[in-house]
Amino acid sequence: MYVYYKVADPGSSAARECVRGLLATVRLETGVQGRLLRRAEDPATWMEVYEDATRGDFAAVVERIAAASGIAAHLAPRSARVVERFEAF
Numbered sequence: 700m701y702v703y704y705k706v707a708d709p710g711s712s713a714a715r716e717c718v719r720g721l722l723a724t725v726r727l728e729t730g731v732q733g734r735l736l737r738r739a740e741d742p743a744t745w746m747e748v749y750e751d752a753t754r755g756d757f758a759a760v761v762e763r764i765a766a767a768s769g770i771a772a773h774l775a776p777r778s779a780r781v782v783e784r785f786e787a788f
């Protein structure tokens, strides 16, 4: 599962720590370790990557944790968290 969004201040340590807390909570609740990446040519675009997220309600769990994390306060105007899921075939 991939979640991407734009942050208002890509250099913000508060935003980075917020997402790291989100990732830690996801790991505690689901056992899935997420990673935080940023787009090389646009450092304001961040992406959370969750591999092996096979639990059926995983996306809903991540969104619940994200809502409680306060990440929305760090998003750029008119930005939202976009979730995309891919599976092997």
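Count along the sequence shown from 1, then add 699; that gives the number in the working numbering. Don't be surprised by glycine CBs; every beta carbon is placed ideally from N, CA and C.
Kindly indicate the opening and closing residues of the alpha helix (DSSP H) around G716.
Just to set this straight, residue 716 is Glu in the shown sequence, not Gly. Unbroken alpha helix (DSSP H) run through E716: S712 to T729.
Is it right to say A747 is buried, meaning 16 or more other beta carbons lie within 10 angstroms of its own, or is it exposed?
Residue identity differs from the one stated: residue 747 is Glu in this sequence, not Ala. E747 is classed as buried because its beta carbon has at least 16 other beta carbons within 10 Å across all chains shown.
Of the listed residues H773, F757 and A787, nearest to Y749 (C-alpha basis):
Ranking H773, F757 and A787 by Cα distance to Y749 puts F757 first.
Tell me where the alpha helix (DSSP H) around E762 begins and ends.
For E762, the enclosing alpha helix (DSSP H) has its first and last residue at F757 to S768.
Identify whether A743 lies in helix, strand or coil by the three-state DSSP scheme.
Look at A743 here: in three-state DSSP terms it is strand.
Top-ranked residue by Cα proximity to H773, from V731, V706, R738 and R780:
The shortest C-alpha separation from H773 is found at V706.
Please check the pair C717 and S778, which I expect to be a contact at CB under 8 Å, by giving their CB distance rounded to whole angstroms.
Taking a contact as a CB-CB distance under 8 Å, the pair C717 and S778 does not count as one, their CB atoms being some 14 Å apart.
Work out the CA separation of R754 and S712 for me, nearest whole Å.
When rounded, the distance between both Cα atoms is 31 Å.
Thinking C-alpha only, which one of R780, A775 and V781 is nearest D708?
Nearest of R780, A775 and V781 to D708, Cα basis: A775.
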